[in-house]
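S.K.: Quick one: structure below, then a few questions.
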Amino acid sequence: MTTAGTTLVIGATGTTGSRTAAQLTAAGHRVKAASRRGTPVADAEPVPFDWHAPDTHISALDGVDRVYLIPPVGDSDPAAVMLPFLRQARSLGVRRAVLLSSSAIPAGGPAVGMVHQALPGLFEEWAVLRPSWFMQNFTGAHAHGRSIRDDGTIWTATGSGRVAFVDAEDIAAVAVRALTDERAPDTDLVLTGPEALSHDDIATIITEVTGRSVAHRRLTYEQMRDRLTAEVPVEFAALLADLDRAIAAGAEDRVTDTVQRLTGRAPRSFRGLLESETG
17 MTTAGTTLVI
27 GATGTTGSRT
37 AAQLTAAGHR
47 VKAASRRGTP
57 VADAEPVPFD
67 WHAPDTHISA
77 LDGVDRVYLI
87 PPVGDSDPAA
97 VMLPFLRQAR
107 SLGVRRAVLL
117 SSSAIPAGGP
127 AVGMVHQALP
137 GLFEEWAVLR
147 PSWFMQNFTG
157 AHAHGRSIRD
167 DGTIWTATGS
177 GRVAFVDAED
187 IAAVAVRALT
197 DERAPDTDLV
207 LTGPEALSHD
217 DIATIITEVT
227 GRSVAHRRLT
237 YEQMRDRLTA
247 EVPVEFAALL
257 ADLDRAIAAG
267 AEDRVTDTVQ
277 RLTGRAPRSF
287 RGLLESETG
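Basically the working numbering = 1-based index in the sequence shown + 16.
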C-alpha cells in the first residue's frame, strides 16, 4: 500500500532524479520537478531550484510532504547548504526525506556522509540510498562515457578491483518505494547490480556488445587525481581518486539483494543494459 502526497524531486533532470520523477508520475503520484532552470518535466510541476540560492527553496517546498535529495554536484562539503535546507523543509511540513548517497560513503563519512548522519534526527520518516557506481557512467555524459566515445578508453585507479555496478532505473525504482510506501525504510540501503565486475570486465562487455574496441587504462592514485582536476575542484578530485583506490583494495566487491527485496524484481545486468540500448 502506498500513500498520497507531493514529492519534491531535486535534480529532476539528472541521472536518477529524472527516472525517479518519471516513475512517480507514471504511478500517479504528484511531483514537483526541481532543477536549476526549472526545466519542464512530463506530468510534473517544474520549479527552479539551486542549492546555493536559498531564495529558490521556499517556493520549491510549497505544498510538499516528501523530498528526494540529490546533493550539489562536485561539492566536498554539501552539509553546509543541505542541512539548513532540511531544517527549513521540516518546518514547512516535509515529513519524509530520501537521500541519494553512495555505497562508498558511510554515515558520518566525507561529503554527503555528514548529511546521512544527520537525517534521522531531522525526519521521523527517512531513507538513505547508497548505490554502487552507476552503469550509466559508461553510457551517458560522465567522464567514462565521454572517453569511451572519444578514444575507446576507460581511465581509473581501480586496478583489478570489482564493483557491482547498478542501473539508474533500479535506483529510481527503490527511491519510489522509499518515498511512497506506507512505512518508510528508516535505514540506509546499499544498492548493487547482480554481479561484481572490474573495469577490465566492463571494457570487454562493451567491446563484445557494441563491436567497438574499448580498453581499461590503469592509473596511479596521483595520476587519477590530477586527471580529475580538469573536471572538478581539487578537493573533490582527491575524494574521487580515493574512492578508486578503495575499489582497488576490494571495498566495493559485494552484491546485495536490496533491489530485488524492495521492488520484487531482479536488478538489471550491465550486459542487459547495453543490449537494450544498442538493440
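A virtual CB, placed ideally from N, CA and C, is assigned to each residue, including glycine. These numbers were taken from a predicted model, which means no experiment stands behind them.
1) Can you find at least 3 beta carbon pairs, one from the segment 233-248 and one from the segment 178-195, that sit closer than 8 angstroms?
2) Once the 5 residues before and after R82 are set aside, which same chain residues still bring their CB inside 6 angstroms of it?
3) What do you get for T32, buried or exposed, if any count of 16 or more other CB atoms within 10 angstroms of its CB means buried?
4) Can you find at least 3 beta carbon pairs, one from the segment 167-174 and one from the segment 99-119, that sit closer than 8 angstroms?
5) For a quick check, are the C-beta atoms of G168 and V230 less than 7 angstroms apart?
6) Looking only at DSSP bridge pairs, what is I121 linked to?
7) The ligand MN and V89: does the residue's C-beta get closer than 6 angstroms to at least one heavy atom of that ligand?
8) Between the segment 85-100 and the segment 120-136, do at least 3 Cβ pairs fall closer than 8 angstroms?
9) Taking the C-alpha atoms as reference points, what is the distance between L102 and A134?
10) Just reading off the alpha helix (DSSP H) that D204 is part of, what are its end residues?
11) Nearest by alpha-carbon distance to R234: which of I86, S214 and R146 is it?
12) Using the three-state DSSP reduction, which class does E293 fall into: helix, strand or coil?
13) So the alpha helix (DSSP H) T279 belongs to, where does it begin and stop?
14) Should V192 and L40 be called a contact, given that it needs their Cβ atoms to be closer than 7 angstroms?
15) Between the alpha carbons of D269 and R261, how many angstroms are there, rounded?
16) Measuring alpha carbon to alpha carbon, tell me which of E140, A254, G124 and H160 ends up nearest W149.
17) Where DSSP assigns a beta bridge to R270, which residues make up the other side?
18) Say whether chain B places a C-beta atom closer than 7 angstroms to the C-beta of S148.
19) Please name the residue in G54, Q104 and V190 whose C-alpha comes closest to that of P70.
20) Report the partner residues of D59 according to the DSSP bridge assignment.
21) So, with DSSP's three-state summary, where would you put R228?
22) Check each candidate in E238, A219, Q239 and M240 and name the one with the smallest Cα separation from H232.
23) Between the Cα of S34 and those of D204, I86 and V250, spot the shortest distance and give me the residue it belongs to.
M.R.: Reading from the atomic positions:
1) no
2) Excluding five sequence positions before and after R82, the CB atoms of its chain that fall closer than 6 angstroms to its own CB belong to G21, T23, R112 and L195, given in chain order.
3) buried
4) no
5) yes
6) When DSSP reads this structure, I121 sits in no beta bridge, so it has no partner.
7) Summarising the ligand content, the structure contains no ligands, and the ligand MN is consequently not present.
8) yes
9) 10 angstroms
10) Run containing D204: none in the alpha helix (DSSP H); it sits in the beta strand (DSSP E), D204 to L207.
11) S214
12) In the three-state reduction of the DSSP assignment, E293 falls in the helix class, which pools H, G and I.
13) T274 to T279
14) yes
15) R261 has its alpha-carbon roughly 13 angstroms from the corresponding atom of D269.
16) The residue from E140, A254, G124 and H160 with its alpha-carbon nearest to that of W149 is H160.
17) The secondary-structure analysis by DSSP pairs R270 with nothing; it has no beta-bridge partner.
18) No chain B appears in this structure, which consists of one protein chain only.
19) Minimum Cα distance to P70 is reached at Q104.
20) According to DSSP, which records beta bridges pairwise, D59 is partnered with nothing at all.
21) R228 falls in the coil class under three-state DSSP.
22) A219
23) Looking at the Cα atoms, I86 is the closest of the given residues.
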